[in-house]
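I have placed the structure first, in the form of C-alpha cells, so that the comments after it can refer back to it.
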Amino acid sequence: MAYIAKRLLFSALILVGVSFITFALLYLLPADPVRQIAGRSATAQTVENIRHQLGLDQPFFVQYARYFWSLVQGDLGRSYVQRAEVSSLIAARLPASLLLMAAGIVVELVFGLTLGIVAALRRGTATDQALMITSFTAVSAPQFVVGLLLLYVFAVELGWFPIGGYGTFAHLVLPAVTLGVLGMGWYSRMMRSSMIEVLRQDYIRTARAKGLPRLTIFVRHAMPNAILPIIAMIGIDIGLFMSGIVVVESVFGWPGIGQLAWQAIQRVDIPIIMGVTLVSACAIVLGNLLADLVTPLIDPRIKLRD
Amino acid sequence: MVNRNASPAATHPGPADPPAGGADPAGSGEERRRSLPARLARRPLAILGILVILACVAGAVFAPVLTSYEPDVPLFEGLTLTGAPLPPDADFPLGTDLLGRDLLTRILYGARTSLIIGIAANGTALVIGTLIGAVAGFFGGFIGSALMRFTDLMMAFPALLLAICLAAIFQPSLWIVAMVIALVNWVQAARVLYTETRALSQREFIEAERAMGAGTARILLRHIVPHLVPTIIVWGTLGISTTVLLEATLSYLGVGVQPPTPSWGNIIFENQTYFQSAPWLVFFPGAAILALALAFNFVGDALRDELDPTQRD
Numbered sequence: 532m533a534y535i536a537k538r539l540l541f542s543a544l545i546l547v548g549v550s551f552i553t554f555a556l557l558y559l560l561p562a563d564p565v566r567q568i569a570g571r572s573a574t575a576q577t578v579e580n581i582r583h584q585l586g587l588d589q590p591f592f593v594q595y596a597r598y599f600w601s602l603v604q605g606d607l608g609r610s611y612v613q614r615a616e617v618s619s620l621i622a623a624r625l626p627a628s629l630l631l632m633a634a635g636i637v638v639e640l641v642f643g644l645t646l647g648i649v650a651a652l653r654r655g656t657a658t659d660q661a662l663m664i665t666s667f668t669a670v671s672a673p674q675f676v677v678g679l680l681l682l683y684v685f686a687v688e689l690g691w692f693p694i695g696g697y698g699t700f701a702h703l704v705l706p707a708v709t710l711g712v713l714g715m716g717w718y719s720r721m722m723r724s725s726m727i728e729v730l731r732q733d734y735i736r737t738a739r740a741k742g743l744p745r746l747t748i749f750v751r752h753a754m755p756n757a758i759l760p761i762i763a764m765i766g767i768d769i770g771l772f773m774s775g776i777v778v779v780e781s782v783f784g785w786p787g788i789g790q791l792a793w794q795a796i797q798r799v800d801i802p803i804i805m806g807v808t809l810v811s812a813c814a815i816v817l818g819n820l821l822a823d824l825v826t827p828l829i830d831p832r833i834k835l836r837d
Numbered sequence: 118m119v120n121r122n123a124s125p126a127a128t129h130p131g132p133a134d135p136p137a138g139g140a141d142p143a144g145s146g147e148e149r150r151r152s153l154p155a156r157l158a159r160r161p162l163a164i165l166g167i168l169v170i171l172a173c174v175a176g177a178v179f180a181p182v183l184t185s186y187e188p189d190v191p192l193f194e195g196l197t198l199t200g201a202p203l204p205p206d207a208d209f210p211l212g213t214d215l216l217g218r219d220l221l222t223r224i225l226y227g228a229r230t231s232l233i234i235g236i237a238a239n240g241t242a243l244v245i246g247t248l249i250g251a252v253a254g255f256f257g258g259f260i261g262s263a264l265m266r267f268t269d270l271m272m273a274f275p276a277l278l279l280a281i282c283l284a285a286i287f288q289p290s291l292w293i294v295a296m297v298i299a300l301v302n303w304v305q306a307a308r309v310l311y312t313e314t315r316a317l318s319q320r321e322f323i324e325a326e327r328a329m330g331a332g333t334a335r336i337l338l339r340h341i342v343p344h345l346v347p348t349i350i351v352w353g354t355l356g357i358s359t360t361v362l363l364e365a366t367l368s369y370l371g372v373g374v375q376p377p378t379p380s381w382g383n384i385i386f387e388n389q390t391y392f393q394s395a396p397w398l399v400f401f402p403g404a405a406i407l408a409l410a411l412a413f414n415f416v417g418d419a420l421r422d423e424l425d426p427t428q429r430d
C-alpha cells in the first residue's frame, strides 16, 4: 500500500515536471502570442493592454503558477489559430485516436505474439531466422513509408480499402496495420525470448517427464507464463503509440489528436502541440503506473519495491 | 520505471536473450579469443549490414562523381509536357521529382544528411547519456537520484512530440535537427549506462582502488568508463538506426531538415501529393531509409551478441 501511494505521488510529480518543461518551452518560443491575437495592425498601446490582460507581463514563475492552476482545472489554453479551447478540441478528437490505438494494439499483439511463439518453437531453424529478420525489418521501417506503401498497394492499385478518412471498419484496417507493424517487430522479439526462457524452466521439464502431450504443456503451462509479461509491456509502450499516431493519422487523414497535432505543426499553433504533448505525457505516466502495478500480480516473484 | 519509447532498448529485452538462430558464436572460450572483426565476419547479417553502410557512405562522399546532375537544380527535360514527374528511364535511373530534379541525385545527397545527423545526433546523445548515467551510477546518493528522476521525467515525454516542440522553437536547420534528436534520444543510453555503472562501482576492484586512495576522477576515467565501452559501442550503433528513423519522420512532417537541402524524409514530404501517380517518389527514398536503419540494427545486434557481457547467456 505504501508502495502504491509512493508510486502515485511520484507519477504526480512527474506530471508537474512535464507541465513545467512544456511551459518553459512555450515561454522560450520566439513567436509572440500577443501579436498573433492582436493582429498586425494593432498599436503598441493595444498590444501592451492585451499583454497585461493575459498576464504575459508578469515574471516567469508567476505566469507558470497561473498556467499550472488552470491546468489543474483542466484548462489547456486557447488555440491561436482555431480560436477554440484546446481541451475541447482534444476531447472531440480523442475517441478516434483511442479507437486507432486499440486496433493497433490488437494488430501488434496478434501478429507479434504469433511470430514470436513460432520463432521460439522453431528456435535455431531457418524459419526462426526468417522471422527474426522480418521483425528487424518491421522495427526499421519508417511508419510513414509503411503507411504510404499500404495505401498505394491496397487502396490505389487494388481498391480494397478507402484511400483515407474515417467512419467504417474498412477505413480502420490500413491505419491500424501501419500503427501495429512497429510493435509487431518489438513484440515478436520479446515474445521469442520470453517463450525460450519459459521452455527452459524446471516445471516444463516436469510436465514433459510426466508424459503430458506436447500441446497440453504448451497451451496450459508455457503460453500463459510467457505471454503475460509481454502484455504488461503495453502500458510501457504508450509512448511508442503516441508518437505513432501523429504519423499514421497524418498519412491517412484520421481525425484524431495526432492529426490535430500535425495540423498545428503546419500552422505553428503551439498551444495545441503543447496540449497534445501534455495529454500524451499523462497517458504515458498512467501506462507506466499500470504496468508497474500489474507486473507483480502477473508474476509474484517480482516484488513491489522501488 | 521502464520505457522503450521508440528506442533500441527493446532490442535489449532481458539478460537471457539468445542470438537469433544458429549456434551461439560467442559460446566457447576458443571462440571468444578470436578478434572482433573475425567473429563479426561469421555473421551474414552483420556483413550485409556493414556492406549497406559502406555503400551509403560511398554514395554520400562520392555523390558529385556518381551523378552528373545537381541536387537542387530543376531540369526542364525532367518533367513531362504536362509538368508531371518522369518515371525511371535511361537518363534518370530512379525518375524525377515534382520539380523535375533527378531523384537518384537527391537520394545520394540525402545520404549525407542522414549520415551527418545520424552520427552527430547519436554521438551527442551518447556523450550526454554516458555523462549522466555514469555520474549518477557512480556517485549515487542525492546527485544520482536527482539525475535519474530527471531521466524519468524526460521519459514521460513522447519522443516525437517533444522533438516537434523543440524543432518549432528553434528554426530547423541540419545541425539544429541533430541537436533536437540528441536532446530526445540520450535518455535510453543514460538508463542503461546508469545500471551498468551502479553494478560496476560495487565490484571488488573498484573497492580496492578506493582503498588504495585513488581519486574519484581516476577511478571514473581509468576503471569505470573503459568497462562501459562495449555497451557504448552497441548503443552507438543501434542508436544510429533510431536517429535515422526519427530524422526521416521529422523531415516528413515538415519540422526536420528543410528543402531544398535533400533528406530522405523531406523528399517524401515534398512529393507526397504525387505519390498515387508517381509511387517511385515514395518507394526509393523509403527503401533507402529502411535499408540504412536495418543495416545499423543488424550490425548493432551482432555487436551486442559479441560484446555486451550482460547479454551473454
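Chains A and B are the protein sequences, given in the same order.
Residue numbering for the first sequence follows our numbering, starting at 532 and increasing by one per position.
Residue numbering for the second sequence follows our numbering, starting at 118 and increasing by one per position.
Don't be surprised by glycine CBs; every beta carbon is placed ideally from N, CA and C.
(message) Is it the case that the segment 349-356 of chain B contacts the segment 190-207 of chain B, given that we only count it when at least three CB pairs across the two stretches are under 8 Å?
(response) no
(request) Give the C-beta separation of Phe392 of chain B and Tyr683 of chain A to the nearest angstrom, bearing in mind that I take them to be a contact with Cβ-Cβ under 8 Å. (result) 7 Å
(request) Go ahead and pull the three-state DSSP assignment for Arg609 of chain A. (result) Strand, per DSSP.
(request) Taking only runs that begin and end inside the segment 576-631 of chain A, name each unbroken alpha helix (DSSP H) of 4 or more residues, in chain order. (result) 591-603
(request) Look at the Cβ atom of Ser550 of chain A, then the Cβ atom of Phe599 of chain A, and state whether they are nearer than 8 Å. (result) yes
(request) Compare the C-alpha of Leu383 of chain B against each of B:Thr247, B:Ala395, B:Gly227 and B:Cys282 and name the closest. (result) For the record, residue 383 of chain B in the displayed sequence is Asn; it is not Leu. Here the closest residue by C-alpha is B:Gly227.
(request) Measuring alpha carbon to alpha carbon, tell me which of B:Ile236, B:Thr197 and B:Pro210 ends up nearest Gly217 of chain B. (result) B:Thr197
(request) Output the residue ranges of the beta strand (DSSP E) runs that lie fully inside the segment 194-274 of chain B and measure 3 residues or longer, sorted by chain position. (result) none
(request) Determine, using beta carbons only, whether Asn388 of chain B comes closer than 8 Å to chain A. (result) no
(message) In whole angstroms, give me the CA-to-CA distance for Ala812 of chain A and Gly784 of chain A.
(response) 23 Å
(message) Within 8 Å, do at least three Cβ pairs link the segment 366-373 of chain B to the segment 276-285 of chain B?
(response) yes
(message) Contact criterion: CB-CB distance below 8 Å. Does Gly643 of chain A meet it with respect to chain B?
(response) no
(message) For a test of the three-state rule: what should DSSP assign to Phe287 of chain B, helix, strand or coil?
(response) coil
(request) Leaving out five residues on either side along the sequence, give the residues of the same chain with a beta carbon under 8 Å from the beta carbon of Asp800 of chain A. (result) Leaving aside the five residues that flank Asp800 of chain A on each side, the residues in its chain whose CB is nearer than 8 Å to its CB run, in chain order, Ser610, Tyr611, Val612, Gln613 and Gln794.
(request) Just the chain A side, please: which residues come within less than 8 Å of Ala410 of chain B by C-beta, in chain order? (result) Ser671, Ala672 and Pro673
(request) Select from the segment 793-810 of chain A all residues with a C-beta closer than 8 Å to any C-beta belonging to chain B, and list them in chain order. (result) Legend: CB atoms of the segment 793-810 of chain A lying less than 8 Å from CB atoms of chain B belong to residues Trp793, Ile796, Gln797, Val799, Ile801, Ile804, Met805, Val807 and Thr808.
(message) Assuming Val361 of chain B and Gly235 of chain B are in contact, meaning their beta carbons sit under 8 Å apart, how far apart are those beta carbons, in whole angstroms?
(response) 5 Å
(request) Would you mind stating whether Thr230 of chain B and Pro379 of chain B have Cβ atoms separated by less than 8 Å? (result) Contact: yes.
(message) I'd like to check one pair, Phe401 of chain B with Leu211 of chain B: are the Cβ atoms closer than 8 Å?
(response) Taking 8 Å as the cut-off, the beta carbon of Leu211 of chain B is found closer than this to the beta carbon of Phe401 of chain B.
(request) Report the three-state DSSP secondary structure of Ala672 of chain A (helix, strand or coil). (result) In the structure shown, Ala672 of chain A adopts coil according to DSSP, grouped into three states.
(message) In this structure, how does DSSP classify Tyr391 of chain B when only helix, strand and coil are distinguished?
(response) In the displayed model, Tyr391 of chain B falls within a helix according to three-state DSSP.
(request) Kindly indicate which residue of B:Asn388, B:Leu225 and B:Thr184 has the alpha-carbon position closest to the one of Ala405 of chain B. (result) When each option's Cα is compared against that of Ala405 of chain B, the closest is B:Leu225.
(request) Check each residue of the segment 270-300 of chain B: if its Cβ is closer than 8 Å to any Cβ of chain A, include it; give the result in chain order. (result) Leu270, Met272, Ala273, Phe274, Pro275, Ala276, Leu277, Leu278, Leu279, Ile281, Cys282, Leu283, Ala285 and Ile286
(request) Determine the contact status of Thr808 of chain A and Thr553 of chain A, defining contact as a CB-CB distance below 8 Å. (result) yes
(request) Give the single residue among B:Asn239, B:Thr333, B:Ala331 and B:Pro275 whose Cα lies nearest to the Cα of Ile94 of chain B. (result) Residue 94 of chain B lies beyond the residue range present for chain B, which begins at 118 and ends at 430; the question has no answer from this structure.
(message) Quick test of the definition: if touching needs 3 or more C-beta pairs under 8 Å, does the segment 535-549 of chain A touch the segment 264-279 of chain B?
(response) yes
(message) Only counting the same chain, and skipping five residues up and downstream in sequence, which positions put a Cβ closer than 6 Å to that of Ile245 of chain B?
(response) So the qualifying residues of the chain are Trp303.
(request) Output yes or no for whether 8 Å exceeds the beta carbon distance between Ile249 of chain B and Val416 of chain B. (result) no
(message) Could you tell me the alpha carbon to alpha carbon distance between Val777 of chain A and Ala792 of chain A, rounded to whole angstroms?
(response) 7 Å
(request) State the start and end residues of the unbroken alpha helix (DSSP H) segment that holds Gly818 of chain A. (result) Ile801 to Ile829
(request) State yes or no: is the beta carbon of Pro396 of chain B nearer than 8 Å to at least one beta carbon in chain A? (result) yes
(request) Run the CB neighbour count on Leu435 of chain B, radius 10 Å, all protein chains shown included, and call it buried at 16 or more, exposed below. (result) No answer is possible for residue 435 of chain B: it lies beyond the span of chain B, which begins at 118 and ends at 430.
(message) Using CA atoms only, rank isn't needed, just tell me which of B:Leu367, B:Ala412, B:Ile349 and B:Leu183 is closest to Ala276 of chain B.
(response) B:Leu367
(request) Drop a sphere of 10 angstroms on the beta-carbon of Phe193 of chain B, count the other beta-carbons inside from all chains shown, and report buried for 16 or more, exposed for fewer. (result) With fewer than 16 Cβ atoms within 10 Å of its Cβ, Phe193 of chain B is classed as exposed.
(message) Just to confirm my understanding: we take Arg751 of chain A, look at its own chain, exclude 5 residues before and 5 after, and list those with CB closer than 7 Å. What are they?
(response) none
(message) Spatial neighbours of Leu424 of chain B within its chain, please: C-beta separation below 7 Å, excluding the five flanking residues on both sides.
(response) Pro347, Ile350 and Val351
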